[in-house]
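Below is one structure, written out as structure tokens; the observations come after it.
Numbering (our numbering), first residue to last: 1 to 471.
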């Protein structure tokens, strides 16, 4: 007897980024019939890419590769100081070669992710998905042909895209969606924004030898510890980046950018490349959320409960498109996997976004866990905190001309419990230094625990367990 299935799929995932890939494969490996639809709407300059989402194509991976390329230029200048000869300290950088190397890596990752979906048993559909009703999805392929499928459950994981600047023609600037694929060297560059994307891009552009300026409306790294945000900016200035604070762009004509400073005075300058990096916005437009009653916030991010469930009971959402969640690849992956275990394995484990470690890959890297000093004061009160600090010179910088006083660590400690509620490190290899500490802090580590931990010598990480001075 032939069994009639009510739906085409047990689970349909919209979005081929980190959260979508993780959740779809996890469900398929449990024997569920799963499909994933992924389609990249071209940027205003026509840039598109393969499966893998922002992280693989225009985010974490290419950003880190460009950052490393810039760092290698610094290391080249240090090599002669320890006896290496034949090093062209003042050599030029080949932008096109870097872009080709990174593009080849991205294309390999695209193929790997497609293959991994196939191995897991997920049907990959390269089409734009749109919700028709709570169980029906309309698919539009590259030729514009439409079809529909149904699913018992749906996960939306469409991520975010760079926010365009209202009132300025997007044809006159690029975003991070375009930068890593540019075949023409950027030349003299203006980065607009004070976000981590803005500062990371400005940092490696400057490090690769391009005259780089940054237009900042208010603060650098608004959501991060402001003392350390200023350290990041200070180091970039020492490396040659020029910052214009309190400024907003008013016009871009050809290669000329006009902006107003904090006093309302207009200034203009010509640039070869203008990079807009003011913010990111959820990629939820034209998804049909309103058709099924899914609620969104003022930034068009999807509102979910603690179980990642939207206001439409059988539709869930994870990743950067979700309101109030961290916009990080690892959190999207973990949230997606935990969701699948709840849906199909009876788990009650929900995603915990507390004490997630993160790193800003600026020329001087900055990692943090937990609360900024500002947030800690707001939460616990200034009188209930001890702020421990340490200024240090990494041993590797003994052969470098880099500023020896800028590397610092900070621990924010509750007086009543001795618990560390904020961890901040600024210096080389920040991600590698910080990852292990995240485990300890999630487990409720105290300052006494850090004090009784033997450091690895010589290392930058040992500075974080040797702090004595506090304020």
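Even for Gly, the Cβ is constructed at its ideal location relative to N, Cα and C.
| said: Between residue 277 and residue 193, how many whole angstroms is the CB-CB distance? I'm expecting something under 8 Å. | reply: Right, the Cβ-Cβ distance comes to about 4 Å (below 8 Å), so this counts as a contact.
| query | Short check: CB of residue 252 to CB of residue 173, under 8 Å? | reply | Between residue 252 and residue 173, the C-beta gap is smaller than 8 Å, which places the two residues in contact.
| request: State the Cα-Cα distance for the pair residue 261 and residue 227, rounded to the nearest angstrom. | output: The alpha-carbon atoms of residue 261 and residue 227 are separated by roughly 23 Å.
| What is the DSSP secondary structure of residue 20, counted as helix, strand or coil? | Helix.
| query | For the segment 176 to 219, which segments carrying the beta strand (DSSP E) assignment without a break, of at least 3 residues, lie completely within its bounds, in sequence order? | reply | Taking only runs of at least 3 residues, the beta strand (DSSP E) segments lying wholly in the segment 176 to 219 are 189 to 192 and 212 to 216.
| Sequence-distant residues of the same chain with beta carbon closer than 8 Å to residue 365, five excluded per side | Closer than 8 Å at Cβ, skipping near neighbours: 359, 426, 427, 428, 429, 430 and 431.
| request: Given a cut-off of 8 Å, decide if residue 52 and residue 113 are closer than it, judged by their beta-carbon atoms. | output: Yes. Within cutoff.
| Selection from 407, 163, 386 and 300 that minimises the alpha carbon distance to residue 288 | Residue 288 has its Cα closest to that of 300, out of 407, 163, 386 and 300.
| Mind checking whether residue 189 and residue 205 have CB atoms under 8 Å apart? | Yes.
| Looking only at DSSP bridge pairs, what is residue 367 linked to? | Residue 367 is bridged by DSSP to 359 and 425.
| query | Under 8 Å between the Cβ atoms of residue 318 and residue 23? | reply | Going by C-beta atoms, residue 318 is nearer than 8 Å to residue 23.
| Considering only the beta carbon of each residue, do residue 298 and residue 30 sit closer than 8 Å? | No, these two residues do not count as a Cβ contact at 8 Å.
| Three or more C-beta pairs closer than 8 Å, one from the segment 213 to 230 and one from the segment 126 to 146: is that the case here? | Three or more Cβ pairs closer than 8 Å define a contact, and the segment 213 to 230 falls short of that threshold against the segment 126 to 146.
| request: Would you tell me roughly how many angstroms separate the C-alpha atoms of residue 242 and residue 187, rounded to the nearest one? | output: It is roughly 15 Å from the alpha-carbon of residue 242 to the alpha-carbon of residue 187.
| From residue 195 to residue 175, what does the alpha carbon distance come to, in whole angstroms? | Residue 175 has its alpha-carbon roughly 13 Å from the corresponding atom of residue 195.
| Expressed to the nearest angstrom, what Euclidean distance is found between the alpha-carbon atoms of residue 233 and residue 224? | Computed Cα separation, rounded: 13 Å.
| request: Between the Cα of residue 439 and those of 423, 452 and 390, spot the shortest distance and give me the residue it belongs to. | output: The candidate whose alpha carbon is nearest that of residue 439 is 423.
| query | If you compare alpha carbons, which of 275, 372, 245 and 443 is closest to residue 352? | reply | Closest by alpha carbon: 443.
| request: Give every residue of the same chain whose Cβ lies closer than 6 Å to the Cβ of residue 335, excluding the five residues on either side of it in the sequence, and list them in chain order. | output: Closer than 6 Å at the Cβ level, and outside the excluded window around residue 335, lie 318 and 351.
| request: Would you kindly work out how many angstroms separate the C-alpha atoms of residue 269 and residue 259, rounded to a whole number? | output: Residue 269 and residue 259: Cα-Cα distance of roughly 9 Å.
| task | Assign residue 383 to one of two classes, buried (16 or more other C-beta atoms within 10 Å of its C-beta) or exposed (fewer than that). | result | An exposed status is given to residue 383, since fewer than 16 other beta-carbon atoms sit within 10 Å of its beta-carbon.
| DSSP state of residue 14, grouped into three classes? | It is a strand residue.
| request: Output the boundary residues of the beta strand (DSSP E) element that contains residue 32. | output: Counted as a single uninterrupted DSSP element, the stretch harbouring residue 32 is not any beta strand (DSSP E), since DSSP gives it neither H nor E.
| request: Report the three-state DSSP secondary structure of residue 244 (helix, strand or coil). | output: Strand at residue 244.
| Skipping 5 residues on each side, what residues in its chain have a beta carbon closer than 7 Å to that of residue 16? | Residues of the same chain with a CB within less than 7 Å of the CB of residue 16, apart from the 5 flanking positions on each side, are 36, 38, 51, 52 and 53 in chain order.
| field | Beta-carbon contacts of residue 399 that lie in its chain and below 8 Å, excluding the five residues immediately before and after | value | Setting aside the 5 residues that flank it on each side, residue 399 is surrounded in the same chain by 78, 81 and 82, each with a C-beta closer than 8 Å to its C-beta; the list follows chain order.
| message | So, for residue 281: in the same chain, excluding its five sequence neighbours on each side, which residues have a beta-carbon less than 7 Å away from its beta-carbon? | response | Only 160, 161, 163, 299 and 300 meet the Cβ criterion.
| Based on Cα-Cα distance, which residue from 363, 136, 264 and 107 lies nearest to residue 69? | In terms of Cα proximity to residue 69, the closest of 363, 136, 264 and 107 is 363.
| field | Residue environment, residue 72, which counts as buried when at least 16 other CB atoms sit within 10 Å | value | Flag for residue 72 reads exposed.
| query | Do you know how far the Cα of residue 106 is from the Cα of residue 341? | reply | Going by the C-alpha atoms only, they are around 30 Å apart.
| query | Exposed or buried, residue 337, counting other C-beta atoms within 10 Å across all chains shown (16 or more means buried)? | reply | By the 10 Å Cβ count, residue 337 comes out buried.
| query | Tell me, which residues are paired with residue 267 by DSSP? | reply | 259, per the DSSP bridge assignment.
| task | Closer than 6 Å by C-beta to residue 19: which residues in its own chain qualify, once you throw out the five before and the five after it? Chain order, please. | result | Closer than 6 Å at the Cβ level, and outside the excluded window around residue 19, lie 157, 318, 319, 332 and 336.
| field | Which of helix, strand or coil DSSP assigns to residue 321 | value | The answer is coil: DSSP assigns residue 321 none of H, G, I, E or B.
| query | Which residues in the same chain as residue 304 place their Cβ atom closer than 6 Å to its Cβ, once the five residues preceding and following it in sequence are excluded? | reply | Exclusion of the five residues before and after residue 304 leaves 310, 317 and 322 as the residues of its chain whose Cβ lies within less than 6 Å of its Cβ.
| field | Per-residue burial, residue 115 [other beta carbons within 10 Å of its own, 16 or more giving buried] | value | Exposed: under 16 other Cβ atoms inside 10 Å.
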